[in-house]
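Following my numbering, the numbering of the sequence shown begins with 262 at its first residue and continues without gaps.
What follows is one structure encoded as structure tokens, with my remarks underneath.
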Amino acid sequence: MYKSLIEDITQHLWQNPDPLQGLEWVCTEIQQKLFLYDWVGFYFHNLEKEELHLKAFAGKPTDHTVIPFGKGICGQVALSNQNFVVADVSKHENYIACSLNVKSEIVVPLFIEGKNIGQIDVDSNTAHAFKKKDEVFLVDVNRLVAAYILRSKVNL
């Protein structure tokens with residue numbers, strides 16, 4: 262499933278000139294095709310304010326459209342530049358609850374030319390939903406998205 266999804270994402274991104282529309286499509290495609298992915302979104306850095314801004318997502322709307330660096334899992338990844346998997350969000354003290362249904366989360370930073378510019382964030386309503394293969398898949402997605410953003414020459 263992951264390989265065919267990567268192929269679909271690659272094909273779609275190279276055919277879509279609108280970056281935000283392309284990112285929305287990626288979120289929707291992943292969320293609809295992967296059973297345990299209940300919410301998928303891309304946050305991008307605002308370095309001046311040290312905040313993350315939600316630019317594209319699929320799933321239920323969230324109040325967390327702006328997240329300060331350091332707050333929650335996404336905010337931690339903005340500072341650490343490291344992938345972060347939370348198997349059970351109820352046991353993580355810095356978790357920001359987007360929904361009472363969310364049980365696990367994975368956040369993978371998005372790099373362009375070695376610089377962390379944002380991240381993909383995935384929530385699941387199932388505890389322990391994310392495995393190493395999910396992490397590898399999301400790193401691959403971010404590589405495609407980084408190339409897409411560079412090609413489109415847009416600042417998000």
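Ideal Cβ positions, reconstructed from N, Cα and C, are used throughout, including at glycine.
Between the CA atoms of glutamate 309 and glutamate 290 - distance to the nearest angstrom:
For the purposes of this step, residue 290 is taken as the residue at position 29 of the sequence shown. For the purposes of this step, residue 309 is taken as the residue at position 48 of the sequence shown. In a straight line, the C-alpha of glutamate 290 is about 32 Å away from that of glutamate 309.
Report buried or exposed for glutamine 276, applying the criterion of at least 16 other Cβ atoms within 10 angstroms of its Cβ.
Translated into positions along the sequence shown, residue 276 becomes position 15. Answer is exposed; the Cβ neighbour count stays below 16.
Contact defined as beta carbons within less than 8 Å: I believe lysine 316 pairs with phenylalanine 303. What is the distance between those atoms, to the nearest angstrom?
Within the sequence shown, residue 316 is the residue found at index 55, counting from 1. Within the sequence shown, residue 303 is the residue found at index 42, counting from 1. That pair is a contact at about 5 Å.
Please determine, among Thr271, Glu311, Gly333, Asn344, the residue with the shortest C-alpha to C-alpha distance to phenylalanine 372.
Residue numbering aside, residue 372 sits at position 111 when the sequence shown is read from its first letter. Of Thr271, Glu311, Gly333, Asn344, the residue nearest in Cα terms is Asn344.
In DSSP terms, what histidine 306 is bridged to
Position 45 of the sequence shown, counting from 1, holds the residue named residue 306. In the DSSP output, where bridge partners are listed per residue, histidine 306 has Leu313.
Buried or exposed (CB count within 10 angstroms, at least 16 for buried), glycine 333
The residue given as residue 333 occupies position 72 in the sequence shown. Glycine 333 counts as buried, since no fewer than 16 other beta carbons sit within 10 angstroms of its beta carbon.
Using DSSP bridges, identify the partner residues of tryptophan 300.
Residue numbering aside, residue 300 sits at position 39 when the sequence shown is read from its first letter. Paired residues: Asp384.
Cβ of aspartate 269 versus every heavy atom of the ligand SAH: is any distance shorter than 8 Å?
Here there are no bound small molecules, and the ligand SAH is not part of this structure.
In angstroms with no decimal places, state the Cα-to-Cα distance between tyrosine 409 and leucine 274.
Here the question's residue 409 lines up with position 148 in the sequence shown. Here the question's residue 274 lines up with position 13 in the sequence shown. One Cα belongs to tyrosine 409, the other to leucine 274, and the distance between them is close to 7 Å.
Could you work out which residue in Glu354, Asn386, Val327, Leu313 is closest to leucine 340 when comparing CA atoms only?
Counted from its first residue, the sequence shown places residue 340 at position 79. Considering only alpha carbons, the answer is Leu313.
Helix, strand or coil at isoleucine 367 [DSSP, three-state]
Your numbering for residue 367 matches position 106 in the sequence shown. It is a strand residue.
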